[in-house]
Amino acid sequence: MLKKLSLYQGPAIALLRAHPNAPNNGLLYAVIGPTRLATVKLHSPLFVQALNDQLWIRGSSFKTNSPVRITVEKKRQQLQRRRKEAKRARKVFDEITNIYQPRAYKSKMFPPPLPSANANGAGAANGAGFQEDLNNVLCCPDCKEYPPNLIEEFSSGDMVCQSCGVVVGTRIIDTRSEWRTFANDDQGGDDPSRVGGPQDEFVEGQHLATTVAFSESKAHKALSRTQNNANADKAQKGLMQAYKEIVALCETINMGANVSNAAKHIFKLVDKHKFMKGKPQEAVIAGCIFIACRQNNVPRTFREIFNLTSVSKKEVGRVFKQLQNFLQKIQDTEGEGATGLNTVTNYENTSVGAEDLCGRYVSQLGFKNQQKISKISRDLAEQATDISALAGRSPLSVAAACIYMACHLMGEPRPSAPIAKQTGVSDGTVKTAYKFLFAYRDTLIKKEWLEEGGKMENIPQVQV
Numbered sequence: 026m027l028k029k030l031s032l033y034q035g036p037a038i039a040l041l042r043a044h045p046n047a048p049n050n051g052l053l054y055a056v057i058g059p060t061r062l063a064t065v066k067l068h069s070p071l072f073v074q075a076l077n078d079q080l081w082i083r084g085s086s087f088k089t090n091s092p093v094r095i096t097v098e099k100k101r102q103q104l105q106r107r108r109k110e111a112k113r114a115r116k117v118f119d120e121i122t123n124i125y126q127p128r129a130y131k132s133k134m135f136p137p138p139l140p141s142a143n144a145n146g147a148g149a150a151n152g153a154g155f156q157e158d159l160n161n162v163l164c165c166p167d168c169k170e171y172p173p174n175l176i177e178e179f180s181s182g183d184m185v186c187q188s189c190g191v192v193v194g195t196r197i198i199d200t201r202s203e204w205r206t207f208a209n210d211d212q213g214g215d216d217p218s219r220v221g222g223p224q225d226e227f228v229e230g231q232h233l234a235t236t237v238a239f240s241e242s243k244a245h246k247a248l249s250r251t252q253n254n255a256n257a258d259k260a261q262k263g264l265m266q267a268y269k270e271i272v273a274l275c276e277t278i279n280m281g282a283n284v285s286n287a288a289k290h291i292f293k294l295v296d297k298h299k300f301m302k303g304k305p306q307e308a309v310i311a312g313c314i315f316i317a318c319r320q321n322n323v324p325r326t327f328r329e330i331f332n333l334t335s336v337s338k339k340e341v342g343r344v345f346k347q348l349q350n351f352l353q354k355i356q357d358t359e360g361e362g363a364t365g366l367n368t369v370t371n372y373e374n375t376s377v378g379a380e381d382l383c384g385r386y387v388s389q390l391g392f393k394n395q396q397k398i399s400k401i402s403r404d405l406a407e408q409a410t411d412i413s414a415l416a417g418r419s420p421l422s423v424a425a426a427c428i429y430m431a432c433h434l435m436g437e438p439r440p441s442a443p444i445a446k447q448t449g450v451s452d453g454t455v456k457t458a459y460k461f462l463f464a465y466r467d468t469l470i471k472k473e474w475l476e477e478g479g480k481m482e483n484i485p486q487v488q489v
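Start counting the sequence shown at 26; every next residue gets the next number (the working numbering).
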């Protein structure tokens, strides 16, 4: 018995061997003997297996209804039940996976399929009974017309009944073939292609990228940081940051998308040719915006542009002059269309005149008769170019003087102080420029203005 017990390695057998009073049949003694070895775990499968073998070899010496015998028998039955369940599960797994012999899987849940009827209608004679039609037919729930008259509107993503107009389904998937993208798709037409990322002419290389979702956990933050460091392009990152600043500055002074796009393209040319290295980026951006305004005929003064930045007026002016020379050099060396965009092609060095500023300042001052005052002030500014005394004056001061004369002529007088404040010049500058206009009032003021309600006596009198 001791030799047989040596085959079982476990804490129970070790305790039995260590006990000095254990007889040869020490396993039975541990179960029924009046010692502390009865505390051995009776639910151990190893113990039950060892005791079961002992009972079969030497016979049972337990009582018929002994509690220990009942417990051991229950554990033995549980072990047998587990073996049968494992064997049954293994058999089902082998049948499903079919790893031993190649054969067709037979379903034990559904009955075998019924034989299909032949072309002569002999299906009923062969024993084929009723068979349910499992084809799904989508019908209109309102008119219930059969066959259904349903159409798919891909523009709205709905499935509509053409007979009664009821929307049967929403958010349908467009299964039509995709369009291809050609080289002339960047001319402003619609691109029906839905494949790939958005086309951005201001970004080089691939436009598709993978981003990691944001989360508060440290693991997600570390993964997102690693992904950004691995895929980040420093050159493209700097361009994107500059583009954001350009858009923000253009929106601050109410300029359209054409100005911001032209400014971004000019900045891209500067970055591509490695021009303006060492210059403040704010000054370069301000110069690009100012040139874009001139090329798109958007009247903005130099003071309005450099006030958006924290760079000095002198630095912005220096950068602006260098940008002008740079664009002119590209235009001369590489020919027409070298700059890429229509807004920058055939670059010309232009300036903002007083007539370009009158309409915007009249609108900001809030006159009741804005159209007439704006038209008259613009005509006055155009005629003021022939006055030699105003030739060296700033367009801002000339525009302010023309607005001052036009508003008094049409019966909506305004003091010179608010006009000077709106245009950004001093009150004395406006009065000085108006003095030269007043000297030529007979040639500047047209008869049609007087016929439309203007009065010559309303003009403020000054000593010439």
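Glycine residues also receive a C-beta, built at the ideal position from the N, C-alpha and C atoms.
As a beta-bridge residue in DSSP terms, Asp183 pairs with Glu178 and Thr195. Just measuring C-alpha positions, the residue of Asp467, Glu380, Lys393 and Thr468 sitting nearest Cys427 is Glu380. Looking at Val162, Val377, Phe155 and Gly478, the one whose alpha-carbon comes closest to that of Gln320 is Val377.
Leu415 carries a helical assignment under DSSP once its states are collapsed to helix, strand and coil. With contacts defined by Cβ atoms closer than 8 Å, Cys164 and Val191 do not form a contacting pair. 8 Å or more divides the Cβ of Ile330 from the Cβ of Leu390.
Only residues of its own chain outside the window of five on either side were considered, and among them Phe331 have a CB closer than 7 Å to the CB of Lys338, listed in chain order.
For the pair Gly478 and Gly417, the CB atoms are not nearer than the 8 Å cut-off. Less than 8 Å separates the beta-carbon of Tyr465 from that of Ile412. Arg403: member of the alpha helix (DSSP H) spanning Gln395 to Gln408, first to last residue.
Taking C-alpha positions only, Leu405 is separated from Phe463 by approximately 11 Å. Per the Cβ contact rule, the segment 307-322 is in contact with the segment 270-289 (3 or more Cβ pairs under 8 Å).
Going by beta carbons, Ala308 and Val284 fall outside the 8 Å limit. Considering only Ala267, Ala244, Gly194 and Arg201, the residue with the shortest C-alpha distance to Phe227 is Ala267.
By the 16-neighbour rule on beta-carbons within 10 angstroms, Ser422 is buried. In this model, Arg250 and Ile310 are separated by some 29 Å (Cα to Cα). In this structure, DSSP gives Gln486 a state outside helix and strand, which the three-state scheme calls coil. By the criterion of a C-beta distance shorter than 7 Å, Glu177 is surrounded in its chain by Met184 and Ile197, once the five residues flanking it on both sides are discounted.
Collapsing the DSSP output to three states places Thr334 in coil.
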